[in-house]
Amino acid sequence: MSHEFVTQKISGWGRFPVETCNIYRPESRRQLATILGSGPQASLISYGLGRSYGDAPLNSQGGVIRLTRLNRFLAFDAQSGVLECEAGVSLAEILQYFLPRGFFPPVTPGTKFVTVGGAIAADVHGKNHHQDGTFGNFVLDFKLLTPTGDILTCSANDNGEVFWATLGGMGLTGVILSARIKLRPVASAWVLVDYHKAANLEDALGRMTESDVRYQYSVAWIDCLATGRHMGRAVLMRGNHAAVRDLPASIRNPLAEPPRHRWTLPFDFPSLALNSLTVRAFNSFYYGLHHNFTSKLVDLEPFFYPLDAIQHWNRMYGRRGFVQFQTALPLDRGLEGLRKVLARLAQSRRASFLAVLKRFGKSNPGLLSFPIEGYTLALDLPVASGLVPLLRELDGLVLDYGGRIYLAKDALMTPQSFAAMYPKLEQFRAIKGRLDPHGLFSSSQARRLGIV
Ligand SMILES: Cc1cc2nc3c(=O)[nH]c(=O)nc-3n(C[C@H](O)[C@H](O)[C@H](O)COP(=O)(O)OP(=O)(O)OC[C@H]3O[C@@H](n4cnc5c(N)ncnc54)[C@H](O)[C@@H]3O)c2cc1C
C-alpha cells in the first residue's frame, strides 16, 4: 500500500540529532498524492539523500517522505543542455549519464550524493558561487506539489513568489516533483588547478579578491587551529574546466573519468581519535605538503568531491555525531568577523581538519537562500560537552558582523538568532501560510527555529 510507512530512527549527515520518524517511500506521483491526502495526520517533510547535516529533513514523530524512488530523467535537449528530471535524481546520476555526453551540473556542492530536490530546497552553492551564484540560478522551472495537493509550475516569472520561497525554503512549501535545469557544457572530465599557499587569513582573502575572477572554481582549505600571525593560513585551490588541448595524448577519451577505488570507513571512530593534538598535527602536515603549483591537471572527482571517495566518512566523528558550523559574512566586515570566529575556535581547541573558506558572489532573491556577497567558512565540530554554549557565542559573533548560518548545516541555532539573520523571514511565512493553511509541511528544524 502506498501510504504505508515504517517507523525508524533517522538522522542527517552529521548523525545529530537522531529522531524517530514515520518514513514513506513513494514510487509514483499517485502514491505521493495518497500520502498527502491520507487524512488527518501530524506533518510531513521531504527527504532526499540526507546530506544536510542536522534536522532539516527530519520530522520527530511525524512523516518523512523519502524521494529517491522518484528519480526518472524526463527529457534532455542536447542543443541547450536543458535537462528535465524528477527531483529524486541525484547529481551522481546526472554525472553518470551526462558527463560522457559533455555536460556537468552547473553548480555542485562538495558531494555528488545530493538530489535535485535537496539542491533546490537548500539552494546549494559550489566552488563557483563567486561567478555563477547558486543552483537556483540554473533552474528554469520546477513542479511543486503544494500541501493542498495542487501542482504548480514555478519559475522566476510564473508563480515567482512561490519560486523564491521554495529556493532555499528547506522543503516547507511542499514537494518539488521535477525540475528543468540548464547543465554546463564541458569538453573534458578534468580541471586545470592552481595551488597557492596563503600565509594567513588576510593573505588568503586578498588573493581571492585579486584573482578569483580568473577562476570559475575557487576554494581554500584553512588551518583553523593556527594562531598569531599564522591565523587563517590556507591552501587556495582554484581552477577551470580543462579543454581537450590541455590533456596529454595518453587520455584518449577526454570525457571519461579514470576508474577509482572507493574506501569505506567500517566503524565509528572512538571520540578521542580526533582531538586538537591530532588535528594540529594533521594541519601542519597538510599545509607543509602543499607547494605553489600552477596548471595541475586533476580529474573532476578529487577536485569537486574529495570526501566522496570514503563512504561513511561521517563515522570519523564517533557515535555522538557532529555538526557543521557554516557562516557567511559580508564583504566589508568579513575579514574582521572571520578573525574573531577563528580566534574563538582556536581558543576552544575544538578540532576540525575539514575547514573550508570560499568567496561568495551576489545573492539571489531566494527568501531563505543562504549566500550573501562576502565570504563563507565551514567546519565540522564533534558533538561534545560545551558545544552548545560555544555555538551560541559563535552565532552571536556572526550576528555582530552582519552574517548568517546555513540552514542545511544547522542543528542547534536559536529562533532569535535565525530571525535576526534572515530578514525576509516574514515574507516567507506569509507565502507559506497561503500555500499551507493547515501547516501540513513542517520539520524538526522548522519547529525548533519557529519558522512554522
Ligand atoms: C560532504 C558534504 C559537502 C557539502 N558541500 C556543500 C556545499 O559545498 N555547498 C552547499 O550548498 N551544500 C553542501 N552540502 C550540503 C548539501 O548540499 C545540502 O544539504 C543538500 O540540500 C542535500 O541534499 P539532499 O538531497 O541530501 O537533501 P536532504 O538533506 O535529504 O534534505 C535537505 C532539505 O531539502 C528538502 N528536500 C529534499 N528533497 C526535496 C524535494 N523533492 N522537495 C522539497 N524539499 C526537498 C528537505 O526537506 C530538507 O529540508 C554538503 C553536504 C555534505 C555531506
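Numbering (numbering that gives the first Met the number 0), first residue to last: 0 to 451.
Using N, Cα and C, we set each Cβ at its ideal position, and we do this for glycine too.
Model, not experiment: these values are computed from the prediction.
Our contact map puts residue i next to residue j with C-beta atoms below 8 Å; I'd like the distance itself, whole angstroms only.
i: S27; j: E85; result: Not quite, the Cβ-Cβ distance comes to about 10 Å (not below 8 Å), so this is no contact.
i: T19; j: T33; result: That pair is no contact at about 23 Å.
i: N199; j: G231; result: 5 Å
i: G317; j: L328; result: Rounded, the Cβ-Cβ distance is 30 Å, inconsistent with contact.
i: L396; j: K339; result: 5 Å
i: A203; j: A219; result: 6 Å
i: L171; j: F440; result: 5 Å
i: I64; j: V161; result: That belief does not hold up - the Cβ atoms of I64 and V161 are roughly 19 Å apart, past 8 Å.
i: L341; j: C153; result: That pair is no contact at about 40 Å.
i: G47; j: N70; result: With a Cβ gap of about 10 Å, G47 and N70 do not count as contacting.
i: A377; j: Q444; result: So it is not a contact: roughly 18 Å between Cβ atoms.
i: L143; j: L35; result: With 8 Å as the limit, L143 and L35 do not qualify as a contact, their Cβ atoms being about 12 Å apart.
How many angstroms separate the CA atom of residue i from the CA atom of residue j?
i: V113; j: G49; result: 8 Å
i: A188; j: R29; result: 38 Å
i: G117; j: M169; result: 8 Å
i: M315; j: Q78; result: 44 Å
i: L393; j: F321; result: 16 Å
i: K126; j: S37; result: 42 Å
i: D298; j: P436; result: 48 Å
i: S283; j: R319; result: 27 Å
i: M0; j: G167; result: Here M0 scores only 43 on pLDDT, less than 50, and its place in the model should not be relied on; the value that follows carries that caveat. Each residue's alpha carbon lies about 32 Å from the other.
i: A241; j: R251; result: 14 Å
i: N136; j: E201; result: 30 Å
i: R360; j: F4; result: Contrary to the premise, residue 360 reads as Gly rather than Arg in this sequence. Distance between the alpha carbons of G360 and F4 is about 42 Å.
i: W312; j: L306; result: 7 Å
i: L66; j: G287; result: 43 Å
i: V185; j: S217; result: 17 Å
i: T165; j: G101; result: 29 Å
i: R332; j: G402; result: 9 Å
i: K428; j: R14; result: Before going further, note that residue 428 is Arg rather than Lys in the sequence given. Looking at the two C-alpha atoms, the distance is approximately 29 Å.
i: S51; j: H229; result: 32 Å
i: G11; j: V17; result: 8 Å
i: N291; j: D409; result: 34 Å
i: T293; j: L353; result: 23 Å
i: G438; j: Y421; result: 21 Å
i: P253; j: L246; result: 8 Å
i: L447; j: T413; result: Checking the sequence shown, residue 447 turns out to be Arg, not Leu. R447 and T413: Cα-Cα distance of roughly 7 Å.
i: E83; j: A74; result: 5 Å
i: T375; j: P25; result: 36 Å
i: R206; j: T110; result: 26 Å
i: L57; j: V382; result: 18 Å
i: V234; j: D211; result: 14 Å
i: P301; j: F141; result: 31 Å
i: G53; j: I371; result: 21 Å
So what's residue i in DSSP terms, helix, strand or just coil?
i: V297; result: strand
i: W12; result: coil
i: S462; result: A question about residue 462 goes unanswered here, because the residues of the chain that appear run from 0 up to 451.
i: S1; result: Reliability fails at S1, whose pLDDT of 48 lies under 50, so the model's placement of it is uncertain and no value is given.
i: K196; result: strand
i: I430; result: helix
i: K408; result: coil
i: H290; result: coil
i: Q78; result: coil
i: F97; result: helix
i: K361; result: coil
i: M230; result: coil
i: N21; result: strand
i: A419; result: helix
i: K452; result: The first residue shown for the chain is 0 and the last is 451, placing residue 452 beyond what the model contains.
i: M207; result: helix
i: F321; result: strand
i: V355; result: strand
i: K111; result: coil
i: V138; result: strand
i: V63; result: strand
i: T165; result: helix
i: I119; result: helix
i: V382; result: coil
i: S45; result: strand
Per DSSP, which residues does residue i bridge with? Please list them.
i: T413; result: Paired residues: none, contrary to the question.
i: C223; result: BP columns for C223 are empty, so no partner.
i: T326; result: L376 and I404
i: G238; result: V192 and Y216
i: K181; result: V81
Give a single yes or no on whether residue i has its beta carbon closer than 7 Å to a heavy atom of ligand 2.
i: Y46; result: Within the structure as shown, ligand 2 is missing, the only ligands being ligand 1.
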